[in-house]
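Residue numbers (this note's numbering): 43 to 278. Quick reminder that beta carbons are idealized off the backbone N, C-alpha and C, glycines included. To start, the structure itself, in structure tokens.
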């Protein structure tokens, strides 16, 4: 049986949400453990897994660059790249960590504003839906980010963009998959967790637009299936 690790980078996201995320990622055939880069023993604990998923976080790849959690996470990503063939998926903060650790660049959203809501993705090549049948043209994801990937790592392939992130999804070395949005989340979790946490960042007019978006369909199954394929096969 394959072993996978969810690298949990948040202090504030609900543990109920963490368990829900595990259920979305698993295809029912592997063992999943939850590890934290906040743990001083993380470097030893994270060894010898068949695949990894790095979660989102309220932390910042930019502002918290020198924090122990961020430095341990970057060291892990670089070590996997150098010594292992395991696939790694990064979601939101995790996607930004992948970009930064692999010599890309992360910064504030180009709009200058925090993005919260639901967005449609644009695939950069028609062949993507042919190469990976899981992918459809009508993918929509929950978004919750103040930063995004501004420059891709070398030898990366840009797969999709979104209104708030030009580099919404990219693939590096066929096994590092970065996704700015939250494919693990549905609209109910947007309303239950993300919106209450970020309410103070928006005025009433902005909030009404977010409330409207939270009622829109979230079509994420294709991205979840792509993640499961990467974890199962080890590459895309």
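Let me confirm a value: residue i is counted as buried when at least 16 other C-beta atoms fall within 10 Å, else exposed. Which label applies?
i, result
"residue 70", "exposed"
"residue 112", "buried"
"residue 93", "buried"
"residue 254", "exposed"
"residue 241", "exposed"
"residue 195", "buried"
"residue 120", "exposed"
"residue 243", "exposed"
"residue 153", "exposed"
"residue 101", "buried"
"residue 230", "exposed"
"residue 247", "exposed"
"residue 159", "buried"
"residue 223", "buried"
"residue 79", "buried"
"residue 67", "buried"
"residue 182", "buried"
"residue 36", "The structure shown does not extend to residue 36, since the chain is modelled only from 43 to 278, so the question has no answer here."
Mind checking which residues open and close the beta strand (DSSP E) that includes residue i?
i, result
"residue 198", "198 to 204"
"residue 45", "45 to 49"
"residue 184", "182 to 187"
"residue 159", "157 to 162"
With DSSP run on the structure shown, which of helix, strand or coil describes residue i?
i, result
"residue 62", "helix"
"residue 41", "An answer regarding residue 41 cannot be provided, because it is not within the stretch 43 to 278 covered by the chain."
"residue 133", "strand"
"residue 208", "strand"
"residue 145", "coil"
"residue 217", "coil"
"residue 278", "coil"
"residue 194", "coil"
Within the continuous alpha helix (DSSP H) that includes residue i, where are the two ends?
i, result
"residue 274", "263 to 275"
"residue 111", "110 to 125"
"residue 240", "237 to 240"
"residue 170", "169 to 173"
Hey, residue i and residue j are a contact pair by Cβ (cut 8 angstroms); roughly how many whole angstroms apart?
i, j, result
"residue 206", "residue 157", "4 angstroms"
"residue 135", "residue 91", "Contact doesn't hold; Cβ gap of about 19 angstroms is too wide."
"residue 212", "residue 199", "6 angstroms"
"residue 98", "residue 133", "6 angstroms"
"residue 220", "residue 141", "6 angstroms"
"residue 145", "residue 165", "Not quite, the Cβ-Cβ distance comes to about 25 angstroms (not below 8 angstroms), so this is no contact."
"residue 137", "residue 191", "7 angstroms"
"residue 129", "residue 273", "6 angstroms"
Beta strand (DSSP E) segments (min. 3 residues) lying fully within the region 51 to 108: 73 to 77, 93 to 96
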